[in-house]
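Visitor: What follows is a structure written as structure tokens; I'll ask about it next.
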Amino acid sequence: AQSVTQPDIHITVSEGASLELRCNYSYGATPYLFWYVQSPGQGLQLLLKYFSGDTLVQGIKGFEAEFKRSQSSFNLRKPSVHWSDAAEYFCAVGATGGGNKLTFGTGTQLKVEL
Amino acid sequence: GAGVSQSPSNKVTEKGKDVELRCDPISGHTALYWYRQRLGQGLEFLIYFQGNSAPDKSGLPSDRFSAERTGESVSTLTIQRTQQEDSAVYLCASSLRTSGIISYNEQFFGPGTRLTVL
């Protein structure tokens with residue numbers, strides 16, 4: 001069965017600093033990988049996704065993520081964090097076939113200090 | 001509508017009562033998903049619909065949970081005899097027809113229904 005691990009429950013960074021959120025997955029084939037962001041009172045918004053091809057994917061709001069098959073990782077990065085990036089971030093893996101259901105990690109809560 | 005909508009946004013109920021949660025997917029989206037997010041946890045898959053049928057109900061935690069979909073549109077998640085452990089945010093998502101192995105259609109999420117069982 002597929003699974004996702006986000007080892008950092010909380011992360012605090014200063015505004016303008018760089019950010020890396022970790023995600024490790026377990027899946028038996030080439031995974032479909034996603035990062036979502038959830039702001040208070042908001043639904044989930046897709047930041048970026050990896051299906052195949054270039055292992056460095058660009059997303060919205062200046063985020064990027066790199067798929068590393070050898071490490072089973074899909075870490076999210078941003079060079080310079082803005083105060084508005086404070087939110088909860090979820091990594092997810094999608095099943096191929098069978099309805100494409102998503103399996104989510106437990107999330108990383110990002111706090112941005114001004 | 002422009003996005004996935006869910007109602008009510010908040011629901012407080014007493015233990016043992018039944019509740020119904022509603023999801024209106026994006027028009028034209030034939031796939032619909034229900035997820036549950038308990039406090040401090042990630043989202044758990046509950047069930048998905050392709051059209052009006054539910055090929056995968058594997059995530060429903062007990063037989064107190066059921067869901068239906070009509071007209072390839074609105075879906076209702078029903079929880080009978082609610083328990084305190086049912087307290088969570090219930091999220092609905094929709095996508096174009098699931099595409100299997102070749103491609104993957106993005107799921108668009110609604111704002112969720114926060115259920116509190118007293």
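Taken in order, these protein sequences are the chains called A and B. Using our numbering, the first residue of the first sequence is number 1, and each one after it goes up by one. Using our numbering, the first residue of the second sequence is number 1, and each one after it goes up by one. Note that beta-carbon positions come from the ideal geometry of N, C-alpha and C, so glycine has one too.
1. List the residues that DSSP assigns as beta-bridge partners of C23/A.
2. Can a CB atom of chain A be found closer than 9 Å to the CB of G28/B?
3. Whose CA, out of V12/B, R97/B, I26/B and I47/B, lies closest to the CA of F65/B?
4. Does E20/A pass the burial test, meaning 16 or more other C-beta atoms within 10 Å, or should it be called exposed?
5. Shortest alpha-carbon distance to R77/A belongs to which of A1/A, V13/A, V4/A and Q2/A?
6. Among G41/A, W83/A, Q2/A and L48/A, which residue has its Cα nearest to the Cα of F90/A?
7. With a threshold of 9 Å between beta-carbons, can S94/B be considered close to chain A, or not?
8. Can you tell which of T106/A, V112/A and L114/A has the C-alpha that lies nearest to the C-alpha of Y25/A?
9. Jot down the residue ranges of each uninterrupted beta strand (DSSP E) in the region 46-110 of chain A, minimum 3 residues, whole runs only, in chain order.
10. Considering only the alpha carbon of each residue, which of F108/B, Q84/B, Y90/B and S95/B lies closest to E20/B?
11. Tell me, please, whether the region 36-44 of chain A touches the region 104-112 of chain B by the rule of three or more beta-carbon pairs shorter than 8 Å.
Guide: The answer reads as follows:
1. The partner list for C23/A (beta bridge, DSSP) is empty, contrary to what the question assumes.
2. Not an interface residue.
3. The candidate whose alpha carbon is nearest that of F65/B is I47/B.
4. Exposed, by the Cβ-count rule.
5. Considering only alpha carbons, the answer is V13/A.
6. The residue with the shortest Cα to Cα distance from F90/A is L48/A.
7. Not closer than 9 Å to any Cβ of chain A, the Cβ of S94/B fails to qualify, so no.
8. If we check each option's Cα against that of Y25/A, T106/A comes out closest.
9. Counting whole runs of 3 or more residues, the region 46-110 of chain A contains the beta strand (DSSP E) stretches 56-58, 64-68, 73-78, 87-94 and 102-104.
10. It is Y90/B whose Cα lies nearest to the Cα of E20/B.
11. When C-beta atoms of the region 36-44 of chain A are compared with those of the region 104-112 of chain B, three or more pairs fall below 8 Å, so the two segments count as touching.
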